[in-house]
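The letter at position 98 of the sequence shown is residue 98 when you use full-length UniProt numbering, and the numbering goes up by one with no holes. Have a look at the structure below, then the notes.
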Amino acid sequence: MHPPHKTLKWDKIVEYAFLANFDLLCNMRADVSQQPWASPVARRAMDLYFKMCQAWEEIQYLNVEVRHLVTYIRDKDKYLRAFEDQLKAVSPTLTHQQLHEISTLPGFTGTISPGISTHTGLGESSSTPNAQIPSQLAIAVALDTPDDLDEEEQEEEVEEEASRSLQDVLHVADDLS
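In structure tokens form, the structure reads like this:
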């Protein structure tokens with residue numbers, strides 16, 4: 001190139017935290033840094049727009065994943081209970097038989113009678129169950145009032161207006177390029 005542009009060093013590239021901070025466009029033949037779409041405000045608007053798009057995609061993804069998790073928990077619980085019932089029906093004393101066989105092994109000097117557990121802390125094997133429901137879940141969910149619905153509609157309208165404004169900025173930037 002005539003004249004040659006500044007040489008970009010690897011150390012400098014590594015210092016950049018985000019592509020938005022990367023001033024590569026300033027070293028081009030035609031300086032595009034003065035274009036409206038290259039301004040910091042426009043870059044922040046575009047970053048925000050794409051983050052919002054990604055957030056909506058993530059919400060849709062999580063809606064599916066949460067349902068998968070709830071279904072898995074229900075199915076696993078049902079499976080384990082059915083399996084437990086099958087084993088109880090086949091041999092309710094199977095575990096005790098195995099313990100008795102262990103006690104007859106040569107060298108076994110212990111006892112198979114239960115002791116008293118020292119693990120009594122919250123969630124430990126010998127603790128008293130104490131289900132604690134977070135206060136947000138314990139409170140009955142109140143139905144939306146007409147005022148709540150109006151507020152939600154107003155918020156959606158504001159978001160839609162901001163989205164339209166951002167799209168206008170992007171269209172103008174696209175027209176100028």
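For each residue, glycine too, the CB sits at the ideal point set by N, CA and C.
By Cβ distance, which residues of its chain are closer than 6 Å to residue i, with the 5 residues on each side in sequence left out?
i	result
Leu105	none
Glu156	none
Going by the CB atoms, is the gap between residue j and residue i shorter than 8 Å?
i	j	result
Ser117	Ser126	yes
Val172	Ala45	no
Leu87	Leu94	yes
Between the Cα of residue i and the Cα atoms of the options, which residue gives the shortest distance?
i	options	result
Gln167	Trp37, Lys9 and Pro146	Trp37
Lys96	Ala55, Gly107 and Thr111	Note on residue identity: the sequence assigns His, not Lys, to residue 96. The option with the nearest alpha carbon to His96 is Thr111.
Ser113	Lys51, Val158 and His100	His100
Ser163	Lys9, Asp148, Met52 and Ile133	Met52
Quick one: what's got a C-beta closer than 7 Å to residue i's C-beta in the same chain, skipping five residues either side?
i	result
Gly121	Ser127
Phe108	Ile102
Thr71	none
Quick one: residues in its chain with C-beta nearer than 8 Å to the C-beta of residue i, no 5 flanking neighbours on either side, listed in chain order?
i	result
Leu48	Leu166
His119	Ser125, Ser126 and Ser127
Thr7	none
Pro134	none
Would you list, in sequence order, the uninterrupted alpha helix (DSSP H) runs of no fewer than 4 residues that lie entirely inside the segment 48 to 133?
94 to 103
Can you list, in chain order, the stretches of the alpha helix (DSSP H) that have 4 or more residues and sit fully within the UniProt region "Disordered" (144 to 177)?
146 to 176
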